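Contents: one structure, followed by commentary.
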Amino acid sequence: MTPPPFVHLHVHSSYSPMRGVSPLDELCAVTQQQGLSCLALTDTNGLYGAIRFIDLALQRGLRPILGAELTTAGHRAVLLVKTPEGYANLCRLLSERHGDRPFDVLSAVARHRQGLIIFTDDEAALSAWATQSTRDLYVELTPGPAMYGTLQFSRRSGLPPVATNRVYFARPDAYGTHRLLRAVALNTTLSRLPAEACCGPSQWLMPPARMALHFPHAPAALDNTVRIAESCHSKWAVHDVAAPSFGSLKDDEAFDTLRLRTYAGASERYGALSPEIRERIEKELGIIRQKRFARYFLVVHELVGTSETCGRGSVAASIVSYCLKITHVDPLKHNLFFERFLNPGRTDPPDIDIDFPWDEREAVFETIFTQYAGRAAMVANQNHLGLRAAIRETAKVYGMPAGDISTVTSRIIREQTFVDAPTGAQWLRAIVTALGLNAPWPEILRQALRAQNHFRHLSLHCGGVVITPDDVRRYVPIERTVKNRPVIQWEKDQAEEAGLVKIDILGNRSLAVIRDALEAVARHTGRHIDYAAWDPLHDRATQDLIKRGDTIGCFYIESPATRLLLKKLWLGMPPDRQPTPDVFDYLVIVSSLVRPAAITFVHEFVRRAHGEPYEPLHRLIEPILRETFGIMVYQEDVTKVAMALAGFSVEDADHLRKIISKKHKRRQLQDYYRQFCFGAAGNGASPEVVGKIWAMIMSFAGYSFCKPHSASYAQVSFKSAYLRAHYPAEFMAAVISNHGGFYSTLAYLSEARRMGLAILLPDVNASDWAYRGEGERLRMGLMQVKTLPEEFCVRIVKERTAHGPYRSFRDFLQRINPDTEQARALVRAGCCDSIAGELTRPALLWRLYAGTSEPDPLPIPDDYAPKQTLAHEIESFGFLATRHPLTQYRNQIERVRPVPASQMGRFIGRHITMVGWLVTEKPVETKDGLPMEFITLEDTTALYDATLFPDVYRRCHRLLSSRRPYVVCGVVESSFGALTITVSDLRFLDRVSKDESSPSLSSEPWYDGL
């Protein structure tokens, strides 16, 4: 039986924040099952899922109709896009709705209604708009008691009716989830949730036949749904690129300007230009001209001209970018694959990511939003309810006490790492059983699973900015941030799909570290190093430091995993192979190989790098993977292998590479897998070989790097390592002043001691706001005193610079006039020791509290006991600064008699006891999905790495929540010369009993010096 004519024109998805229930794919699937050919999406006050909806609808053979329900406190209306002008007007209206000015929906729609179809049951709004024009204006009829009055209004006014069900969920059983979401949004319990805050239980995606039963008296309302759908715009050219403008330059003028700047930069970079260089420049310029991206490059060139930057990502494969100093890696010298960045068949815009020093990024944003006012906006993150938030919020609407919620939620999150369940129902049963949860918690968890992943609100992407040719509100609705900056309603994937050109303005602490260290070197030595022209890649001391893995503080290569890999690669390399590899080239590989899904290939790479023979998986991919010993390391390896082995076009291969890392990929990936298997089989690849190659391809899921990105990072790593090798004090001062990287301030100070630097406490006569290093000394900055504001500390430094050192405590108080708490903090942190004369710290405080700094006949109180002084250090800085924290546990360490970390190499294969302060931890999963953890600890002699495999981790993981000293028992393992300890037992050092002792394996009691 043919279904009656009907189209759902008022549909909310899970992108209607905390209202709509059903995800887009479910709505499209149900629509397809009902035999309908089109569907409208009308989420509340936004187009948050519009681009994804277009894609999913087209995949299912549906014609997508875009719109939104515009709501205010007093009015509401559904607006559907009829023409491209209507789309731009809808974006403007939604932008005004989220703006910082009062929004009058009646006048706003009247101004911007061209190209839009409007319907509502709001009689006041309809009457107001009808006085302007009745064209494309409809009365909305929805099943329910109010429908008959609305139908009478339609007949009186002459405005045609249209039938809708104001859909909020695809199936009727989802009504409970809708009520849950509304209660969460209103911060109330289900029992107190007002009925008017929710839709009705019948507002689901009813099939046409059932909808027709509600409109026997208004068949025209059903017919009008089809008529409206047919008139709506549906030819969405979402891949048409909206490149930014550059001044008033037209395309040809912009290209000529880009060409002149490129060749000027090429002469500066290369000197005389070889035919190879000219050929590469002309090739890239030709594609840039064809794709009309010249203005985009000019915009980026202008932005990077104000700072020391690092162009990262695939843009580093471009010689044009290199010549413009957007990037600093020579793509010819390092054989970088330009097609990964831009190729003639690529439909989406190129993505240029630029790292700026983290403290200069705000100024860059100010420049962008001033220079491109009205044409620039931040990219959003779309925040959805995660599991933890879903559990907490659901428990709140069930009225559970706050204490119970925190306790149970923490237990669930901890326990779930040990639960391997393919379905939500199985996960629920496993958690309830493992934790022994009683009612109502099983029902709370059941509902929380249904609420999980629902769109809640926008936040800011870490640095993405789109710049459009004209008013950004023609392309996408915008909202406002706390700083009143515009932010689009889409996250980066939808923005790129829509053809918006994104520039990532990212903050990089290591660029600030390098900048500050270079400035300090210039001040102390007179040596001025030009960041852009500086090439330390062949410095022997830097290379040796990297080979040893002594890279704490060095950008991107300081993590435990990377340091271990560097040690395995070089310490275990046979002597006859040591001179062969280029350290920079290997560092590029290492930077890309350390990623979550590639762990199985790391050891294989090391073995092959050490000379172990291997058989290439297929002759066609051997040349591609020769430099990485047959292992796929870079993102573009996916593209190259798919083209060479399976016959993919450049476009298909690049799209395969892209969708591997996407969240919404399963359907497309299956198609590409079949295409890959078919093409590879045609070239003689066996199913076994295809499986191995496909496994390598899938290791790029999640995050992974292209070679240009790794090369850009490796260059910054090299510059960091150079400064550590040659100017350690200036370097470590800059690392800590810029708030470090992978480790805590305490860990960096401990490393500085191991590097031979003396750590000096903050001093009002010697410290700046930031740390300062020179020679073999590292002076702590006033920034480290926890309670002191920056403005106050800067005032101390400025006064000292302008009028000379402080001569006494009295002189300091008179010139700075600190309040009592500020002075107390300085005294207890030791910052006034140099101006105290013969006064102790307690005496200084006595003078302070007495309101005078004059000598008086009062006796000078004794200084603090050493234990109290150390306690003040921890209070002032958050850690011990004058000594290692393990020094407080000398008695316990004597009883344990541990092996020092510096002597681990003597005990390979033996079970030993060590002590250590926890530095960092990295939870991971085995290939079977079992949780385990890698941790890094330190004693006073060295850092060391430890592994807790699943059985030990399950037993000990709760101990790892504290920054405390540990006793670590286990077996020392050596992998390619890199040492770790496989833990068999872990406990707190401060709980070692007086009667406990262990036999000493160490040749000398190293802890005697503690």
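Position one of the sequence shown corresponds to residue 12 (my numbering), numbered consecutively onward.
Backbone N, C-alpha and C fix where the C-beta goes; we use that ideal spot for every residue, glycine too.
It should be emphasised that the depicted structure is a prediction, and the values quoted were computed from it without experimental measurement.
If you drop the 5 nearest sequence neighbours on each side, which residues of the same chain put their C-beta closer than 8 angstroms to that of Glu507?
-> Taking the first residue of the sequence shown as position 1, residue 507 is located at position 496. Around Glu507: Asp359, Pro360, Asp362 and Lys513.
Alpha-carbon to alpha-carbon, Gly518 and His629 = By one-based count along the sequence shown, residue 629 stands at place 618. By one-based count along the sequence shown, residue 518 stands at place 507. Roughly 42 angstroms separates the two Cα atoms.
Run the CB neighbour count on Val926, radius 10 Å, all protein chains shown included, and call it buried at 16 or more, exposed below.
-> Here residue 926 refers to the residue found at position 915 when the sequence shown is read from its first residue. The residue is buried, with at least 16 neighbouring Cβ atoms inside 10 Å.
Beta-carbon proximity of Ile919 to Leu990, cut-off 9 angstroms | Mapped onto the sequence shown, residue 919 falls at position 908. Mapped onto the sequence shown, residue 990 falls at position 979. It is a contact, given that the beta carbons lie within the stated cut-off.
Sufficient close CB pairs (3 or more, under 8 angstroms) joining the region 721-728 to the region 651-661 = no
Kindly indicate which residue of Phe945, Ile635 and Leu997 has the alpha-carbon position closest to the one of Arg966.
-> Numbered from 1 along the sequence shown, position 955 holds the residue referred to as residue 966. When only C-alpha atoms are compared, the closest one is Leu997.
4-residue-minimum alpha helix (DSSP H) runs that sit fully inside the region 162-236, ordered along the chain = 186-197 and 219-224
When DSSP builds the beta bridges, which residues end up paired with Arg788?
-> On the sequence shown, residue 788 is found 777 positions in, with the first residue counted as 1. Paired residues: Ala769 and Glu785.
Secondary structure at Gln45, three-state DSSP: helix, strand or coil?
-> Taking the sequence shown and counting its residues from 1, one reaches residue 45 at position 34. Correct three-state label for Gln45: coil.
By Cβ distance, which residues of its chain are closer than 8 angstroms to Lys503, with the 5 residues on each side in sequence left out?
-> Along the sequence shown, read from residue 1 onward, the residue named residue 503 stands at position 492. Closer than 8 angstroms at the Cβ level, and outside the excluded window around Lys503, lie Val390, His472, Gly475 and Lys513.
Flag this pair as yes or no: are the beta carbons of Leu50 and His19 separated by less than 9 angstroms?
-> Here residue 50 corresponds to residue number 39 of the sequence shown, with the count starting at 1. Here residue 19 corresponds to residue number 8 of the sequence shown, with the count starting at 1. Contact: yes.
Residue environment, Ser887, which counts as buried when at least 16 other CB atoms sit within 10 Å | For the purposes of this step, residue 887 is identified with residue 876 of the sequence shown, where counting begins at 1. Buried: at least 16 other Cβ atoms inside 10 Å.
Does the region 232-241 come close enough to the region 164-173 that 3 or more CB-CB pairs lie under 8 angstroms?
-> The region 164-173 and the region 232-241 touch, with no fewer than 3 CB-CB distances between them shorter than 8 angstroms.
Once you ignore the five residues that flank Ala974 on each side, which residues in its own chain have a CB closer than 7 angstroms to its CB?
-> For the purposes of this step, residue 974 is taken as the residue at position 963 of the sequence shown. Before going on, a small fix: residue 974 reads as Arg here, not Ala. Cβ neighbours of Arg974 beyond the five flanking positions: Leu929.
On the premise that Phe999 lies in contact with Ala964, defined as a C-beta separation below 8 angstroms, what is that separation, rounded to the nearest angstrom?
-> Numbered from its first residue, the sequence shown carries residue 964 at position 953. Numbered from its first residue, the sequence shown carries residue 999 at position 988. Ala is not the amino acid found at residue 964; the sequence shown has Tyr there. Not quite, the Cβ-Cβ distance comes to about 17 angstroms (not below 8 angstroms), so this is no contact.
Where the beta strand (DSSP E) through Lys494 begins and ends | Stepping through the sequence shown from its first residue, residue 494 is reached at position 483. Per DSSP, Lys494 belongs to no beta strand (DSSP E) and is neither H nor E.
Reference Tyr754; option with closest CA among Thr952, Ala459, Tyr274 and Tyr567 | Numbered from 1 along the sequence shown, position 743 holds the residue referred to as residue 754. Minimum Cα distance to Tyr754 is reached at Tyr567.
Rank Thr851, Gly110, Gln463 and Pro624 by C-alpha distance to the C-alpha of Ala496 and give the top, closest one.
-> What you label residue 496 is simply residue 485 of the sequence shown in a count that begins at 1. In the sequence as displayed, the identity of residue 496 is Arg instead of Ala. Comparing Cα-Cα distances from Arg496 to each of Thr851, Gly110, Gln463 and Pro624, the minimum goes to Gly110.
Same chain only: Cβ atoms within 6 angstroms of Gln903, ignoring 5 sequence neighbours per side = The residue you call residue 903 lines up with position 892 of the sequence shown. If we look at Gln903 and ignore the five residues flanking it on each side, its Cβ neighbours are Leu1000 and Val1003.
If you scan the region 48-76 from start to end, which runs of the alpha helix (DSSP H) of 4 or more residues do you find wholly inside it?
-> 61-70
By Cβ distance, which residues of its chain are closer than 7 angstroms to Ser27, with the 5 residues on each side in sequence left out?
-> Reading the sequence shown from its first residue, position 16 is the one you call residue 27. Its chain contains Asp54 and Thr55 as the residues whose beta carbon lies nearer than 7 angstroms to that of Ser27, once the 5 sequence neighbours on both sides are disregarded; these appear in chain order.
Segment limits, beta strand (DSSP E) that includes Pro976 | As a working mapping, residue 976 is identified with position 965 in the sequence shown. Where Pro976 is concerned, the enclosing beta strand (DSSP E) stretches over Pro976 to Ser986.
For Met943, three-class secondary structure by DSSP = Your numbering for residue 943 matches position 932 in the sequence shown. DSSP places Met943 in the strand class (E or B) of the three-state scheme.
Going by beta carbon distance, what residues of the same chain come within less than 8 angstroms of Ser202, once the five residues before and after it are set aside?
-> Here residue 202 corresponds to residue number 191 of the sequence shown, with the count starting at 1. Correct list, in chain order: Gly410.
Helix or strand or just coil, what does DSSP make of Asp956?
-> Locating residue 956 in the sequence shown gives position 945, where the first residue counts as 1. DSSP places Asp956 in strand when its eight states are reduced to three.
Proximity below 9 angstroms, CB of Ile499 to CB of Pro488 = Counting from one through the sequence shown, the residue named residue 499 turns up at place 488. Counting from one through the sequence shown, the residue named residue 488 turns up at place 477. Against a cut-off of 9 angstroms, the Cβ pair of Pro488 and Ile499 comes out as a contact.
Any contact of the region 463-470 with the region 367-381, i.e. 3+ C-beta pairs under 8 angstroms?
-> No, because fewer than three Cβ pairs between the region 463-470 and the region 367-381 fall closer than 8 angstroms, the two stretches do not touch.
Burial state of Lys933 (16 or more Cβ within 10 Å) | The residue you call residue 933 lines up with position 922 of the sequence shown. Per the 10 Å Cβ criterion, exposed.
7 angstroms CB neighbourhood of Arg272 in its chain, flanking five on each side removed | Translated into positions along the sequence shown, residue 272 becomes position 261. Only His312 and Leu335 meet the Cβ criterion.
Pair within 9 angstroms by beta-carbon distance, Leu170 and Val150 = For the purposes of this step, residue 170 is taken as residue 159 along the sequence shown, with counting starting at 1. For the purposes of this step, residue 150 is taken as residue 139 along the sequence shown, with counting starting at 1. Here Leu170 is near Val150, since their CB atoms are less than 9 angstroms apart.
Please state if the CB of Leu269 and the CB of Ala277 are separated by a distance shorter than 9 angstroms.
-> Position 266 of the sequence shown, counting from 1, holds the residue named residue 277. Position 258 of the sequence shown, counting from 1, holds the residue named residue 269. Contact flag unset, no.
Assign Ser778 to one of two classes, buried (16 or more other C-beta atoms within 10 Å of its C-beta) or exposed (fewer than that).
-> Along the sequence shown, one-based indexing puts residue 778 at 767. Sixteen is the threshold: when 16 or more other Cβ atoms of the shown chains lie within 10 Å of the Cβ of Ser778, as they do, the residue is buried.
Would you kindly report the start and end of the unbroken beta strand (DSSP E) that includes Cys473?
-> The residue you call residue 473 lines up with position 462 of the sequence shown. That run of the beta strand (DSSP E) goes Phe466 to Ile478.
Taking all protein chains shown into account, do 16 or more other C-beta atoms lie within 10 angstroms of the C-beta of Gly981, making it buried, or fewer, making it exposed?
-> The sequence position of residue 981 within the sequence shown is 970, counting from 1. Result: buried.
Quickly, what does DSSP pair Tyr149 with across the bridge? List them, please.
-> As a working note, residue 149 is residue 138 in the sequence shown. Answer by DSSP bridge pairing, in chain order: Phe130.
Kindly indicate which residue of Ile525, Ile298, Thr937 and Ser715 has the alpha-carbon position closest to the one of Val370.
-> For this step, residue 370 is matched to residue 359 along the sequence shown. Here residue 370 turns out to be Asp, not Val, going by the sequence shown. Nearest Cα to Asp370 within the set Ile525, Ile298, Thr937 and Ser715: Ile525.
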